[in-house]
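**Q**
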Amino acid sequence: MEDIVQIKYALDTFYFLVCAVLVMWMACGFAMLEAGLVRTKSTTEILAKNISLFAIASVMYLLVGYYIMYSSDGAIFPSLGMLIGSENTLADVTAGGDDAPYYSARADFFFQIVFAGACMSIVSGAVAERMKLWAFLGFAVIMTGFIYPIQGAWSWGGGWLSELGYSDYAGSGIVHMAGAAAALAGVLLLGPRQGKYGANGQINAIPGSNLPLSTLGIFILWMGWFGFNGGSELKISDVASANNVAQVMVNTNLAAAGGLLAAMATARVLFGKTDLTMVLNGALAGLVSITADPLSPSALSAVLIGGVGGIIVVLSVLGLDRLKIDDPAGAISAHGSAGIWGVLAVPLTNAEAAFSSQLIGVLAIFAWVFIASLVVWGIIKLIIGIRVSPEEEYLGVDSVECGLEAYPEFTLKK
Amino acid sequence: MKLVTAVIKPFKLDDVREALSEIGVQGITVTEVKGFGRQKGHTELYRGAEYVVDFLPKVKLEVAIGDDMLDRVIEAISKAANTGKIGDGKIFVVSLEQAIRIRTGETGTDAI
Numbered sequence: 412m413e414d415i416v417q418i419k420y421a422l423d424t425f426y427f428l429v430c431a432v433l434v435m436w437m438a439c440g441f442a443m444l445e446a447g448l449v450r451t452k453s454t455t456e457i458l459a460k461n462i463s464l465f466a467i468a469s470v471m472y473l474l475v476g477y478y479i480m481y482s483s484d485g486a487i488f489p490s491l492g493m494l495i496g497s498e499n500t501l502a503d504v505t506a507g508g509d510d511a512p513y514y515s516a517r518a519d520f521f522f523q524i525v526f527a528g529a530c531m532s533i534v535s536g537a538v539a540e541r542m543k544l545w546a547f548l549g550f551a552v553i554m555t556g557f558i559y560p561i562q563g564a565w566s567w568g569g570g571w572l573s574e575l576g577y578s579d580y581a582g583s584g585i586v587h588m589a590g591a592a593a594a595l596a597g598v599l600l601l602g603p604r605q606g607k608y609g610a611n612g613q614i615n616a617i618p619g620s621n622l623p624l625s626t627l628g629i630f631i632l633w634m635g636w637f638g639f640n641g642g643s644e645l646k647i648s649d650v651a652s653a654n655n656v657a658q659v660m661v662n663t664n665l666a667a668a669g670g671l672l673a674a675m676a677t678a679r680v681l682f683g684k685t686d687l688t689m690v691l692n693g694a695l696a697g698l699v700s701i702t703a704d705p706l707s708p709s710a711l712s713a714v715l716i717g718g719v720g721g722i723i724v725v726l727s728v729l730g731l732d733r734l735k736i737d738d739p740a741g742a743i744s745a746h747g748s749a750g751i752w753g754v755l756a757v758p759l760t761n762a763e764a765a766f767s768s769q770l771i772g773v774l775a776i777f778a779w780v781f782i783a784s785l786v787v788w789g790i791i792k793l794i795i796g797i798r799v800s801p802e803e804e805y806l807g808v809d810s811v812e813c814g815l816e817a818y819p820e821f822t823l824k825k
Numbered sequence: 161m162k163l164v165t166a167v168i169k170p171f172k173l174d175d176v177r178e179a180l181s182e183i184g185v186q187g188i189t190v191t192e193v194k195g196f197g198r199q200k201g202h203t204e205l206y207r208g209a210e211y212v213v214d215f216l217p218k219v220k221l222e223v224a225i226g227d228d229m230l231d232r233v234i235e236a237i238s239k240a241a242n243t244g245k246i247g248d249g250k251i252f253v254v255s256l257e258q259a260i261r262i263r264t265g266e267t268g269t270d271a272i
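Chains as they are written, first to last, in our numbering: chain L, 412 to 825; chain E, 161 to 272.
1. State yes or no: is the beta carbon of Glu182 of chain E nearer than 8 angstroms to at least one beta carbon in chain L?
2. For Lys792 of chain L, which of L:Phe522, L:Leu422 and L:Leu599 has the nearest alpha-carbon?
3. Gly447 of chain L: which of L:Gly597, L:Thr663 and L:Gly619 sits nearest, CA to CA?
4. Apart from the five residues just before and just after Ser748 of chain L, which ones in its own chain have a Cβ nearer than 7 angstroms to its Cβ?
5. Is Phe522 of chain L closer than 8 angstroms to Ala438 of chain L when the C-beta atoms are compared?
6. Would you report the Cα separation of Gly683 of chain L and Ser238 of chain E, rounded to the nearest angstrom?
7. May I ask you to list, following chain order, the residues of the segment 720-738 of chain L that have a beta carbon less than 9 angstroms from some beta carbon of chain E?
8. Could you tell me the alpha carbon to alpha carbon distance between Ser648 of chain L and Tyr420 of chain L, rounded to whole angstroms?
9. On the three-state DSSP scale, how would you describe Lys824 of chain L?
10. Can you tell me which residues form a DSSP beta bridge with His202 of chain E?
11. How about Ala224 of chain E and Leu180 of chain E: do their beta carbons lie closer than 8 angstroms?
12. With 16 as the cutoff for other CB atoms within 10 Å, does Asp738 of chain L come out buried or exposed?
13. Let me know if Phe637 of chain L comes out buried or exposed under the rule of 16 or more other beta-carbons within 10 Å of its beta-carbon.
14. Where does Thr663 of chain L sit, in a helix, a strand or coil, going by DSSP?
15. Taking only beta-carbon atoms, is Ile558 of chain L less than 8 angstroms away from chain E?
16. Looking at the unbroken alpha helix (DSSP H) that takes in Lys239 of chain E, where does it start and where does it end?
17. Could you round the C-beta distance between Gly635 of chain L and Gly670 of chain L to whole angstroms and report it? I think they count as a contact, below 8 angstroms.
18. Under 8 angstroms between C-beta atoms, does Lys684 of chain L make it to chain E?
19. Based on DSSP bridge pairs, tell me the residues matched to Ile614 of chain L.
20. What residues in the segment 607-626 of chain L have a beta carbon less than 9 angstroms from any beta carbon of chain E?
21. Could one say the Cβ of Met689 of chain L lies closer than 8 angstroms to chain E's Cβ atoms, at least one of them?
22. Any beta-carbon of chain E closer than 8 angstroms to the one on Glu820 of chain L?
23. Quick one: residues in its chain with C-beta nearer than 7 angstroms to the C-beta of Val525 of chain L, no 5 flanking neighbours on either side, listed in chain order?
24. In the structure shown, what three-state DSSP assignment does Ser810 of chain L receive?
25. Nearest by alpha-carbon distance to Arg541 of chain L: which of L:Trp565, L:Gly602 and L:Gly507 is it?
26. Based on Cα-Cα distance, which residue from L:Glu820, L:Val754 and L:Leu681 lies nearest to Ile716 of chain L?
27. Comparing the C-beta of Leu681 of chain L with each C-beta of chain E, is any distance below 8 angstroms?
28. Using only the alpha-carbon positions, how far apart do Gly244 of chain E and Glu182 of chain E sit?
29. Expressed to the nearest angstrom, what Euclidean distance is found between the alpha-carbon atoms of Ala696 of chain L and Val757 of chain L?
30. From Gly730 of chain L to Ile614 of chain L, what distance separates their C-alpha atoms?
31. Mind listing which residues of the segment 184-218 of chain E have their C-beta closer than 7 angstroms to chain L's C-betas, in chain order?
32. Would you call Tyr408 of chain L buried or exposed, if buried means 16 or more other Cβ atoms sit within 10 Å of its Cβ?
33. Check this for me: beta carbons of Ile797 of chain L and Ala551 of chain L, under 8 angstroms apart or not?
34. When you compare each of L:Val714, L:Ile495, L:Ile794 and L:Pro819 to Lys543 of chain L by their alpha carbons, which one comes out closest?
35. Taking just the CA atoms, how far does Ala610 of chain L sit from Ala527 of chain L?
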């Protein structure tokens, strides 16, 4: 009997770790996606941002983030402790009962780090090509150490949102909309890229420099999302959980597909041509949309939920441009607009969720992250500034911040 | 001697090169350039925003030839690079004062 308990523990831990590794790989996906959507002169810097924010998330979440998020015991204000506590012993596990841990505590920590990293990486796409690198990294420290974990404690940490019945399986609101809120705050303080918006409401195109990389990035994200959603079942070692995981992965895939096809059709109808960048954003929006509940919808519903996300992202990209909110990667649209839809769509297929608690969750998370981010960006802006100078922006943040060109041999700089 | 410069569509380069080598032209210099003529490019859409692609990629080739070859060279390039559509390009002819082969020091028509 004890052998079976040990094997189940090992299996659940193993499953958790593998899913965490898949989500870590999403950091690469974001890096590739964003690198392809910016100009050659900004590529090095965005790659630097993406890989270092993951490192920062790893350390900050270790130092304070995990504790804030999971040890607050239901309060609105989490307690500020440090580090990550001790590991489960064999005796803890075999004690049995509802409170017995069924997977490694370190595995839980590892899984949560990569989620914090995913949330932060959403911001880098929106502020690309004109933000100071170290301003961004400074914000990442506060976001991954404090802003993200504090709202995460309200829901996944057992706080007031979870008591209210807010339902967000893998984090359409908690991770994706939160990241978009932080991005929006940054972009509003930052301003659009030079030359993006013209005098009479004119919107100028600044085409991405490497669409193969962006496509690679979306494929990587699509694959990593199987870990993001699949791992959020938190268990696999019994029939019910295993079936759930399978359902989750099926729905995740179908939502991406639905989002992609809907965005593709929308772009084709609106523009007359099939804009690949919209196709890619559509897949992403589909994934974000299903993330709030990839378990309860039927497979066909998953396609539709993703599909609505795909339409939303295209319209949101166009809408943000009309509002002169410059978002080179479409991050605010794909993660924010689709994330809100994802959270609000949960009651459509999940009888245990209520529209009111979903709405409260969306508003609370958005308000907290947006306002806290605005304050932090504002402080950074006062101390060192968040935007490079116009001359530096013209030369390109790569040479200014990194002293390196991403494509040194074949650029014809505009 | 003449220096013949032609700006042509990039995908026509191989055809032009073959045509020139068939009439005995032995050396050619090629650069990748961007340009436009009267067609002034066209507009495209990127995520719903219009932009003008006015500088189109072209290939510029230069050949140094003796005066006697000029008509044949112009004919060869024109025929090979022609598609009948706008953007086919142009040929320019300038007088070449001197030419020197660096390795041997030969000058004039011996050098080309």
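Yeah, the Cβ is synthetic: ideal placement off N, Cα and C, and Gly gets one too.
**A** Put simply:
1. Within the second sequence, residue 182 of chain E is the residue found at index 22, counting from 1. Interface flag for Glu182 of chain E against chain L is unset, since no Cβ pair is found closer than 8 angstroms.
2. Taking the first residue of the first sequence as position 1, residue 792 of chain L is located at position 381. If we check each option's Cα against that of Lys792 of chain L, L:Leu599 comes out closest.
3. Working through the first sequence from its first residue, we reach residue 447 of chain L at position 36. Selected option, being the one with the closest Cα: L:Gly619.
4. Sequence index remark: in the first sequence, residue 748 of chain L carries index 337 (1-based). Counting only Cβ-Cβ distances below 7 angstroms, and skipping sequence neighbours, we find Ile723, Val724 and Ser727.
5. As a position in the first sequence, residue 438 of chain L is number 27, starting the count at 1. As a position in the first sequence, residue 522 of chain L is number 111, starting the count at 1. By the CB criterion at 8 angstroms, Ala438 of chain L and Phe522 of chain L fall outside the cutoff.
6. For the purposes of this step, residue 683 of chain L is taken as the residue at position 272 of the first sequence. For the purposes of this step, residue 238 of chain E is taken as the residue at position 78 of the second sequence. Distance between the alpha carbons of Gly683 of chain L and Ser238 of chain E: 36 angstroms.
7. Taking 9 angstroms as the Cβ-Cβ cut-off against chain E, the residues of the segment 720-738 of chain L that qualify are Val725, Val728, Leu729 and Asp732.
8. Counted from its first residue, the first sequence places residue 648 of chain L at position 237. Counted from its first residue, the first sequence places residue 420 of chain L at position 9. A direct Cα-to-Cα measurement between Ser648 of chain L and Tyr420 of chain L gives close to 8 angstroms.
9. Along the first sequence, one-based indexing puts residue 824 of chain L at 413. Model confidence at Lys824 of chain L stands at a pLDDT of 49, short of 50, so the residue's coordinates are unreliable; what they give is reported in the following sentence. Residue state, collapsed to three classes: coil.
10. Taking the first residue of the second sequence as position 1, residue 202 of chain E is located at position 42. His202 of chain E pairs with E:Val213.
11. Along the second sequence, one-based indexing puts residue 224 of chain E at 64. Along the second sequence, one-based indexing puts residue 180 of chain E at 20. Remark: C-beta atoms of Ala224 of chain E and Leu180 of chain E do not approach each other more closely than 8 angstroms.
12. Along the first sequence, read from residue 1 onward, the residue named residue 738 of chain L stands at position 327. So Asp738 of chain L ends up on the buried side.
13. The residue given as residue 637 of chain L occupies position 226 in the first sequence. When all chains shown are included, Phe637 of chain L counts as buried.
14. The residue you call residue 663 of chain L lines up with position 252 of the first sequence. The DSSP-derived three-state label of Thr663 of chain L is helix.
15. Position 147 of the first sequence holds residue 558 of chain L. Between Ile558 of chain L and chain E, the shortest Cβ-Cβ separation is not below 8 angstroms.
16. Against the second sequence, residue 239 of chain E aligns to sequence position 79. For Lys239 of chain E, the enclosing alpha helix (DSSP H) stretches over residues Leu230 to Ala241.
17. What you label residue 635 of chain L is simply residue 224 of the first sequence in a count that begins at 1. What you label residue 670 of chain L is simply residue 259 of the first sequence in a count that begins at 1. Not confirmed; about 16 angstroms, so no contact.
18. In the first sequence, residue 684 of chain L corresponds to position 273, counting from 1. Residue-level contact by beta carbon holds for Lys684 of chain L and chain E, with a gap shorter than 8 angstroms.
19. Against the first sequence, residue 614 of chain L aligns to sequence position 203. For Ile614 of chain L, which the question treats as bridged, DSSP gives the partners L:Tyr608.
20. Residues of the segment 607-626 of chain L with a C-beta atom less than 9 angstroms from some C-beta of chain E are Lys607, Gln613, Ile614, Asn615, Ala616, Ile617, Pro618 and Gly619, listed in chain order.
21. Within the first sequence, numbered from 1, the residue matching residue 689 of chain L stands at position 278. Chain E places a beta carbon closer than 8 angstroms to that of Met689 of chain L, counting this residue as a contact.
22. Numbered from its first residue, the first sequence carries residue 820 of chain L at position 409. Answer no: the Cβ-Cβ gap between Glu820 of chain L and chain E never drops below 8 angstroms.
23. Within the first sequence, numbered from 1, the residue matching residue 525 of chain L stands at position 114. Cβ contact annotation for Val525 of chain L (same chain, cutoff 7 angstroms, sequence separation greater than five): Ala431, Val434 and Met435, in chain order.
24. Looking up residue 810 of chain L in the first sequence gives position 399. Ser810 of chain L: helix per DSSP, three-state reduction.
25. Taking the first sequence and counting its residues from 1, the one referred to as residue 541 of chain L is at position 130. If we check each option's Cα against that of Arg541 of chain L, L:Gly602 comes out closest.
26. Along the first sequence, read from residue 1 onward, the residue named residue 716 of chain L stands at position 305. Out of L:Glu820, L:Val754 and L:Leu681, L:Val754 has the C-alpha closest to the C-alpha of Ile716 of chain L.
27. The count along the first sequence starts at 1 and reaches residue 681 of chain L at position 270. By this cut-off, Leu681 of chain L is an interface position.
28. Within the second sequence, the letter at position 84 stands for residue 244 of chain E. Within the second sequence, the letter at position 22 stands for residue 182 of chain E. Rounded to the nearest angstrom, the gap between the Cα atoms of Gly244 of chain E and Glu182 of chain E is 23 angstroms.
29. Position 285 of the first sequence, counted from the first residue, corresponds to residue 696 of chain L. Position 346 of the first sequence, counted from the first residue, corresponds to residue 757 of chain L. Going from the Cα of Ala696 of chain L to the Cα of Val757 of chain L covers about 15 angstroms.
30. Indexing the first sequence from 1 puts residue 730 of chain L at position 319. Indexing the first sequence from 1 puts residue 614 of chain L at position 203. Those two C-alpha atoms are separated by around 11 angstroms.
31. Sequence-ordered contacts of the segment 184-218 of chain E with chain L read Leu205, Tyr206, Arg207, Gly208, Ala209, Glu210 and Tyr211 [C-beta pairs closer than 7 angstroms].
32. Outside the shown range of chain L, which is 412 to 825, sits residue 408 of chain L, and nothing can be said about it.
33. Along the first sequence, read from residue 1 onward, the residue named residue 797 of chain L stands at position 386. Along the first sequence, read from residue 1 onward, the residue named residue 551 of chain L stands at position 140. It is not a contact, given that the beta carbons lie outside the stated cut-off.
34. Here the question's residue 543 of chain L lines up with position 132 in the first sequence. Taking only the C-alpha atoms, the option nearest Lys543 of chain L is L:Ile794.
35. The residue labelled residue 527 of chain L in the question sits at position 116 within the first sequence. The residue labelled residue 610 of chain L in the question sits at position 199 within the first sequence. So the alpha carbons of these two residues sit roughly 39 angstroms apart.
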